[in-house]
Amino acid sequence: MSEGVMDTTEGVGAATGRANALRAAAVVGFFLLVTAGTFAVDARYLYFSAYLWFGFIYGMSLQYGRFCMASAIRDLFAVGVPRMAVGIMIAVVLFSLVSAAVTLTGRSTFHPSPLGLYSVVGGAIFGFGMVFTGGCATGSLYKTGEGSVSALLVVLSLSFAQALFVDVGGLLDKLVPAAWTASAAAKGMPPEVSVTHGWYDQFLAGYIWDLKAVIVGDALGFHSPVARAFVGNSLLNAIVPAALLLVVIYAVWYRKGYLRKHKHLPPGLATEFAGWWSMVTASKRTAIAGLVLGVAAGVQMWVVQALQQKFGISNAGELLSAMGHKEGLSLQETVFDPGYFYVTTQEAQGAAWVLHKLGMDVTGNIFFGLENGIPNPLFNPVLWMSFSVIGGSMVMALLNNEFKLKFPTREIATWAITGGILMGLGARIGMGCNIGAFFATVTNGDPSGWLFAAGMTGGGWLGVKFFNWWIERKMAREAPLGF
Amino acid sequence: MDKSIEAVAWLFPSLRGQAVESGLRAEPRSVDIPGLGSVTADATVDLSGATCLRTNLVTKRVLDAARPGTVIEIVSDNLSSVETIPFMLAGHGCAHVGTLHLEGSWKIYARKVEGADEGGAAGDE
Numbered sequence: 398m399s400e401g402v403m404d405t406t407e408g409v410g411a412a413t414g415r416a417n418a419l420r421a422a423a424v425v426g427f428f429l430l431v432t433a434g435t436f437a438v439d440a441r442y443l444y445f446s447a448y449l450w451f452g453f454i455y456g457m458s459l460q461y462g463r464f465c466m467a468s469a470i471r472d473l474f475a476v477g478v479p480r481m482a483v484g485i486m487i488a489v490v491l492f493s494l495v496s497a498a499v500t501l502t503g504r505s506t507f508h509p510s511p512l513g514l515y516s517v518v519g520g521a522i523f524g525f526g527m528v529f530t531g532g533c534a535t536g537s538l539y540k541t542g543e544g545s546v547s548a549l550l551v552v553l554s555l556s557f558a559q560a561l562f563v564d565v566g567g568l569l570d571k572l573v574p575a576a577w578t579a580s581a582a583a584k585g586m587p588p589e590v591s592v593t594h595g596w597y598d599q600f601l602a603g604y605i606w607d608l609k610a611v612i613v614g615d616a617l618g619f620h621s622p623v624a625r626a627f628v629g630n631s632l633l634n635a636i637v638p639a640a641l642l643l644v645v646i647y648a649v650w651y652r653k654g655y656l657r658k659h660k661h662l663p664p665g666l667a668t669e670f671a672g673w674w675s676m677v678t679a680s681k682r683t684a685i686a687g688l689v690l691g692v693a694a695g696v697q698m699w700v701v702q703a704l705q706q707k708f709g710i711s712n713a714g715e716l717l718s719a720m721g722h723k724e725g726l727s728l729q730e731t732v733f734d735p736g737y738f739y740v741t742t743q744e745a746q747g748a749a750w751v752l753h754k755l756g757m758d759v760t761g762n763i764f765f766g767l768e769n770g771i772p773n774p775l776f777n778p779v780l781w782m783s784f785s786v787i788g789g790s791m792v793m794a795l796l797n798n799e800f801k802l803k804f805p806t807r808e809i810a811t812w813a814i815t816g817g818i819l820m821g822l823g824a825r826i827g828m829g830c831n832i833g834a835f836f837a838t839v840t841n842g843d844p845s846g847w848l849f850a851a852g853m854t855g856g857g858w859l860g861v862k863f864f865n866w867w868i869e870r871k872m873a874r875e876a877p878l879g880f
Numbered sequence: 006m007d008k009s010i011e012a013v014a015w016l017f018p019s020l021r022g023q024a025v026e027s028g029l030r031a032e033p034r035s036v037d038i039p040g041l042g043s044v045t046a047d048a049t050v051d052l053s054g055a056t057c058l059r060t061n062l063v064t065k066r067v068l069d070a071a072r073p074g075t076v077i078e079i080v081s082d083n084l085s086s087v088e089t090i091p092f093m094l095a096g097h098g099c100a101h102v103g104t105l106h107l108e109g110s111w112k113i114y115a116r117k118v119e120g121a122d123e124g125g126a127a128g129d130e
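Protein chains in written order, with the numbering used here: chain A, 398 to 880; chain B, 6 to 130.
This is the structure:
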């Protein structure tokens, strides 16, 4: 790439710039008003606002860096560009270091996922769908903020697919192994939860709950909390794998081009390192976004835990109950409240709430009925975070004159909905998406995230192959491209 | 055609045997890029409204098909692609001339290099 390759000449008029700045100010003003207004009503809304403003930071960073895990996989396999994969690894390293520091303070809100093949399967379905939609779960949120109606369709289809999938039985029940049903029945669940009916209930209670979760720092038996957090969780589970992946990406997709361009450099380790570093810093925009995301995601855990201590709670459900918002709480009087950057589950709650209001009973299952609840979206702090990811992205896009309301063609809308449904199914089977099942796990000492990433990469690769065939098929019907 | 197949075909136009335009127009014209001066774009590929994957894949094919010396104008409103395409160019024997940000879209100008050594990694400085 030549010097100054990323230089963009601005051809947007000053009037547009001023109008967009005003619109951005209006969005920020709205969020400030929500924060101040709710705080004036009840100081405990501070807990909600913490989620909101971290979501806002994520949205701004994601949009600024065009940060999307679908891009990472797609750009590598489709066009051989590693910029996004590099950005994600930078974010992983940073988040893991901040998480380790937060763990040492005793304010980590992280809970590991069970280790099992389900992560690979869920990741593969999610990754395949993600290529169809053109955005991962967070990518679709921030692209919605840029004005993409197609991304909004992805968010909606992903949300409703999850809400329906966790409740569906019928024919799917016939696919449940007998061992899952027996194991689920033995768990002694409350009668309100039909644990032996519904595929997902039996998947959770009969399979997932029987698996063991692992935290690398604990599993390796480090006695020192510092070694446990920084060596076990951060270095061994995040930094070393991320560095190895960066070496592989450099060797396969970057090295040849770099050495061709720098024939004058003597062969050796110094040149190879210079090439690797050149790859890491090639897209400053993406690298900066990765850095901000990594640090903010770690700090959010600390802030949410600090607020939980301040309000004497361990879950937002207790807060909602105390504030009189008891509708939609789970049987355990809890709601989904991870305490860190997460998407998909809160969106599934939102969709389930809509279905519930339309008369559908979606609470007779473990996912909503026993664990996460379906609170009113206005009183769902984690959903506030999703809304503010959209808002933060919108502000950044407006400030850079990059906001554009875009309606999809029929074909793109179909891909968005189809891919969104697959992403929803994958997220539920994989117990999270690219954020909850990968980004937040590998950075907190939980190796299950790498299994999800492996599946997501495999599914993404397959999706790219399919799309390549699709595009070739379509272009073959046109005039030859020679010119 | 069976009704259920018709419904699928309605959703996916190319299944009906219809070609979908790549948006390529090979009509040379002079364009003025502020700060860079006048450039003759030999062909324009308009990918407005397309997803990032389609934008990147069509761009890749257009870059590969271009003759040395030609300047290609790639029009896109997909930010992810606008960010990625300049990094793709070296891997397809092209140099980045510049990117112009207009209201609602971007125009990326790429020149196919004479005697370009194609293939290999897209990675470059």
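Just so it is clear, CB atoms sit at the ideal spot from N, CA and C, and this is done for glycine as well.
8 angstroms Cβ cutoff, residue i in contact with chain A
i, result
"S85 (chain B)", "yes"
"I38 (chain B)", "yes"
"E119 (chain B)", "no"
"T45 (chain B)", "no"
"G103 (chain B)", "yes"
"E88 (chain B)", "yes"
"A95 (chain B)", "yes"
"E108 (chain B)", "yes"
"E123 (chain B)", "Residue confidence is low: E123 (chain B) scores 49 on pLDDT, short of 50, so the model does not pin down where it sits. No coordinate-derived value is stated."
Inter-residue CB distance, residue i and residue j (contact presumed, cutoff 8 angstroms)
i, j, result
"G821 (chain A)", "A558 (chain A)", "3 angstroms"
"I636 (chain A)", "D843 (chain A)", "In fact, because the Cβ distance is near 15 angstroms, the residues do not count as touching under 8 angstroms."
"N769 (chain A)", "F733 (chain A)", "4 angstroms"
"F92 (chain B)", "R657 (chain A)", "Incorrect: roughly 15 angstroms between the Cβ atoms, too far for contact."
"G816 (chain A)", "M527 (chain A)", "7 angstroms"
"Q743 (chain A)", "V779 (chain A)", "4 angstroms"
"G519 (chain A)", "F849 (chain A)", "7 angstroms"
"V546 (chain A)", "F804 (chain A)", "5 angstroms"
"Y737 (chain A)", "Q706 (chain A)", "Contact doesn't hold; Cβ gap of about 16 angstroms is too wide."
Beta carbon proximity, residue i to chain B, threshold 8 angstroms
i, result
"K862 (chain A)", "no"
"R480 (chain A)", "yes"
"C465 (chain A)", "yes"
"K801 (chain A)", "yes"
"R415 (chain A)", "no"
"S468 (chain A)", "yes"
"G721 (chain A)", "no"
"V528 (chain A)", "yes"
"S832 (chain A)", "Per the sequence shown, residue 832 (chain A) should be read as Ile rather than Ser. No, no contact with chain B."
"V409 (chain A)", "yes"
"G789 (chain A)", "no"
"R471 (chain A)", "yes"
"T907 (chain A)", "Nothing about residue 907 (chain A) can be reported from this structure: the residues present for chain A run from 398 to 880 only."
"A640 (chain A)", "no"
"G855 (chain A)", "no"
"G595 (chain A)", "no"
"A475 (chain A)", "yes"
"G531 (chain A)", "yes"
"G585 (chain A)", "no"
"W866 (chain A)", "no"
Practice item. Name, going along the chain, the residues of the region 50-69 of chain B whose beta-carbon falls closer than 7 angstroms to a beta-carbon of chain A. Key: For the region 50-69 of chain B, residues whose beta-carbon sits nearer than 7 angstroms to a beta-carbon of chain A comprise G54, T56, C57, L58, R59, N61, L62, V63, K65, R66 and V67.
Check your understanding: What are the residues of the region 539-558 of chain A that lie near chain B, defined by any Cβ-Cβ distance shorter than 7 angstroms?
Key -> E543
**Study point:** Three-pair Cβ contact test at 8 angstroms for the region 783-790 of chain A versus the region 487-497 of chain A
**Key:** no
Check your understanding: Taking only runs of the alpha helix (DSSP H) that begin and end inside the region 547-605 of chain A, which ones reach a length of at least 4 residues, in chain order?
Key -> Here the runs fully enclosed are 575-582 and 596-603.
Point to revise | Every unbroken beta strand (DSSP E) within the region 399-464 of chain A, with a cutoff of 3 residues, ordered by chain | key: 405-407
Check your understanding: Do three or more CB pairs link the region 844-863 of chain A to the region 571-587 of chain A at distances below 8 angstroms?
Key -> no
Exercise for review: Select from the region 482-493 of chain A all residues with a C-beta closer than 8 angstroms to any C-beta belonging to chain B, and list them in chain order.
Suggested key: none
Check your understanding: Looking at C-beta atoms only, is the number of pairs between the region 716-723 of chain A and the region 798-805 of chain A that lie closer than 8 angstroms three or more?
Key -> no
Check your understanding: Fully enclosed by the region 60-130 of chain B, which beta strand (DSSP E) runs are 3 residues long or longer?
Key -> 76-81, 99-107 and 110-117
Exercise for review: Could you pull out every unbroken alpha helix (DSSP H) segment of at least 4 residues lying fully inside the region 626-660 of chain A, listed in chain order?
Suggested key: 637-646 and 652-658
Check your understanding: Between the region 676-691 of chain A and the region 101-110 of chain B, are three or more C-beta pairs nearer than 8 angstroms?
Key -> no
Point to revise | Chain-ordered residues of the region 687-704 of chain A with a beta carbon less than 9 angstroms from chain B | key: none
Check your understanding: For the 8 angstroms Cβ check, are there 3 or more pairs between the region 753-772 of chain A and the region 514-525 of chain A?
Key -> Here the region 753-772 of chain A makes no contact with the region 514-525 of chain A; the two share fewer than three CB pairs at distances below 8 angstroms.
Check your understanding: Three or more C-beta pairs closer than 8 angstroms, one from the region 31-45 of chain B and one from the region 449-460 of chain A: is that the case here?
Key -> Taking 8 angstroms as the limit for Cβ pairs, the verdict is that the region 449-460 of chain A does not touch the region 31-45 of chain B.
Review point. When the Cβ atoms of the region 405-420 of chain A are set against those of the region 644-663 of chain A, are three or more pairs found closer than 8 angstroms?
Key: no
Point to revise | Segment contact flag, the region 84-98 of chain B with the region 113-120 of chain B, C-beta cutoff 8 angstroms, min 3 pairs | key: yes
Check your understanding: Does the region 463-483 of chain A come within contact of the region 602-611 of chain A, defined as at least 3 CB pairs closer than 8 angstroms?
Key -> The answer is no - the region 602-611 of chain A does not touch the region 463-483 of chain A, with fewer than three Cβ pairs under 8 angstroms.
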